[in-house]
Amino acid sequence: MRLALIAHDEKKPDLIDFAQNRSDDLEHFELMATGTTGKRLIEATGLDIERKQSGPLGGDMQIGAEIASEDCHGVVFLRDPLTAQPHEPDITALLRICDVHDVPLATNLASADAVLDELMDQLEGEYDHRE
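Going by UniProt numbering, the letters in the sequence shown line up with residues 1 to 131, in that order.
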């Protein structure tokens with residue numbers, strides 16, 4: 001199961017804290033992230049993360065393509081709602097593609113915990129069915 005991790009600059013420290021606190025769970029996923037976010041997460045956690053381009057350079061769209069091809073099963077995107085983003089159309093498109101393909105999307109820490117908990121339950125269900 002693949003999970004995307006994305007954060008705007010002001011939210012990167014929050015995502016790093018989240019990943020450090022939930023690293024035991026995150027290790028069960030194939031992780032991908034946009035460029036700088038992925039780099040910082042790898043440095044802080046040692047998790048194996050596939051890095052896409054930086055968001056403004058197309059990373060959001062690369063993750064959107066993974067969702068559209070059903071190769072991404074959840075997204076944690078900690079957005080900064082107080083700062084205008086130059087690539088807002090890409091962000092909107094990513095959120096829309098999550099809705100179109102019914103992919104769980106977390107945009108704050110509370111929903112990130114909920115999405116990860118649900119995806120962990122799904123993984124555990126898969127393991128139970130294999131036995």
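For each residue, glycine too, the CB sits at the ideal point set by N, CA and C.
Ranked by Cα distance from residue 59, the options 115, 110, 19, 32 are led by 32. Counting along the chain, residue 19 sits inside the alpha helix (DSSP H) bounded by residues 12-21. In the assembly as shown, residue 88 is an exposed residue. Its beta-carbon has fewer than 16 other beta-carbons within 10 Å. In this structure, residue 19 sits near residue 41, with a CB-CB distance shorter than 7 Å. It is roughly 22 Å from the alpha-carbon of residue 112 to the alpha-carbon of residue 53. Of the residues assessed, residue 5 falls on the buried side of the cut-off, its CB having 16 or more other CB atoms within 10 angstroms. For residue 3, the enclosing beta strand (DSSP E) stretches over residues 2-7. Non-local beta-carbon contacts of residue 79 in its own chain, meaning distances under 6 Å to residues more than five positions away in sequence, involve 8, 107 in chain order.
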